[in-house]
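At position 208 of the sequence shown the residue is numbered 1191 (our numbering), and the sequence of numbers has no breaks.
Where is the CB? At the ideal position from N, CA and C, for every residue including glycine.
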Amino acid sequence: MSDFKIAPSILSADFARLGEEVDNVLASGADVVHFDVMDNHYVPNLTIGPMVCKALRNHGVTAPIDVHLMVSPVDRMISDFIDAGASWITFHPEASDHIDRSLSMIRDGGCKSGLVFNPATPLHYLDYVLDKVDMILLMSVNPGFGGQKFIPGTLDKLRQARKIIDESGYDIRLEIDGGVGIQNIREIAEAGADTFVAGSAIFNTDDYKATIDAMRAELAK
Ligand code: DX5
Ligand code: ZN
């Protein structure tokens, strides 16, 4: 598999210079901007919303913006983020009243849709909606904060998700989020991921290009 995408999570960026940080990380070779939306209800933290997504578009960001909704309820935020210029929108199935409806809203709005699974959330939420999903995002930490340690059991779950995708015949990306860095990205790719969210591992380094290059070198091994 060669279509790997690296998606820096701006949760660990300097919010006082957000436009510049996003420009830098994209110029350093990132493919996607991962945008973490937390509501102090579904998760115990509060971050950024549609206005900030819109501001990045107005700033000139043309790369895909991967909106990870950690909010409940989800549907209102889906329509607001469609209007704000999101490209991909993922949500946690247990936070939606009607999963099928929320997924349809995303695609009808012209965005790619996806479900996010916490470390202990079973994959069976996919059973009846696989045809409406463009992306499966597995959390390898409990959501809410950057800088946590990768939970090793996620590797097995990645293998299960990869099998589900391959057997389905659908074109579905498999994204991983939490504790991803140069030291484990290869092992994670071998377990089946093709899209890698990394926040602290990129933004807490001085040279984003060197870090992203090192991740790609691991993926190419
Ligand atoms: C956690 C967020 C992640 C987070 C990842 O709830 O969904 O996207 O920013 O941060 P790192 O890469 O530092 O684990
Ligand atoms: Zn995220």
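query, result
"Taking its Cβ as the centre, do 16 or more other Cβ atoms sit within 10 Å of Tyr1025, making it buried, or is it exposed?", "buried"
"Could you check if Asp1160 belongs to the surroundings of the ligand ZN, using beta carbon to heavy atom distance under 7 Å?", "yes"
"If you measure from the CB of His1051, is any heavy atom of the ligand COA nearer than 7 Å?", "The ligand COA is not among the ligands present in this structure, which contains only the ligand DX5 and the ligand ZN."
"Considering only heavy atoms of the ligand DX5, does any lie closer than 7 Å to the CB of Pro1076?", "no"
"Taking 7 Å as the line, does the beta carbon of Asp1014 fall inside it for any heavy atom of the ligand ZN?", "no"
"With respect to the beta strand (DSSP E) encompassing Glu1158, which residues constitute its N-terminal and C-terminal limits?", "Arg1156 to Asp1160"
"Look at Glu1201 and Ile1155 and say whether their C-beta atoms are less than 8 Å apart.", "no"
"Compare the beta carbon distance of Val1180 and His1017 with 8 Å and say whether it is the shorter of the two.", "yes"
"With DSSP run on the structure shown, which of helix, strand or coil describes Ser1070?", "coil"
"Given that a residue counts as buried once 16 or more other Cβ atoms are within 10 Å of its Cβ, and exposed if not, what is Ser1085?", "buried"
"On the CB-based measure, 16 or more other CB atoms within 10 Å of its CB, does Asp1022 come out buried or exposed?", "buried"
"What residues in its chain sit with their C-beta under 7 Å from that of Asp1114, if we drop five residues either side in the sequence?", "Tyr1153"
"Go ahead and pull the three-state DSSP assignment for Thr1178.", "strand"
"Going by beta carbon distance, what residues of the same chain come within less than 8 Å of Ser995, once the five residues before and after it are set aside?", "Gly1129, Gly1130, Gly1182, Ser1183, Ile1185, Phe1186 and Asn1187"
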